[in-house]
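Under UniProt numbering, read the sequence shown as residues 1 to 119, first letter to last. Accompanying notes for the structure given below.
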Amino acid sequence: MKKYCSVEEYMLDFPEIAQSRMQELREIIASVATNCKEIISYNMPAYKQNGIVVYFAANKNHIGFYPTPSGITTFEHQLTKYKYSKGAIQFPIDQPLPKELIQDIVRFRIEEDFLKKRK
């Protein structure tokens, strides 16, 4: 498996539609994660504040969004339109991304990460 050094390098390995969706997701995340650093972790794009806030990855038919289990359970009632599991949400690649939901999840994870550091 190829080891990625940057998010741009990661994205270039995918078809144009996946690149477009990932770029859209990056912009949504960046709009609220202003103090987070964009990195590659576990060979996926991730956003780090003190710890990792969220990850994302492209797949053939969806964009995987990984906000940790707490990000899923807290917003589970809003995820009924999507496939999701303990730590992942699958956004279909051919449908619009839920901007407000993603922003809310990222804000929650940023606050959770901040509070975790204070302990």
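Idealized CB from N, CA, C, for every residue including glycine.
Check, Outcome
"Assign HIS77 to one of two classes, buried (16 or more other C-beta atoms within 10 Å of its C-beta) or exposed (fewer than that).", "exposed"
"Does the distance from the C-beta atom of VAL47 to that of ALA33 stay below 8 Å?", "First, the residue type needs correcting, since residue 47 is Tyr and not Val in the sequence shown. It is a contact, given that the beta carbons lie within the stated cut-off."
"One question on the structure: do VAL53 and ASP104 come within less than 8 Å of each other, judged by their Cβ atoms?", "no"
"Out of curiosity, what's the CA-to-CA distance linking ILE63 and GLN19?", "10 Å"
"Please determine if the region 37-46 and the region 5-13 are in contact, where contact requires at least 3 C-beta pairs separated by less than 8 Å.", "yes"
"Grab me the residues of LEU12's own chain with a C-beta within less than 8 Å of its C-beta, minus the 5 sequence neighbours each way, in chain order.", "GLN19"
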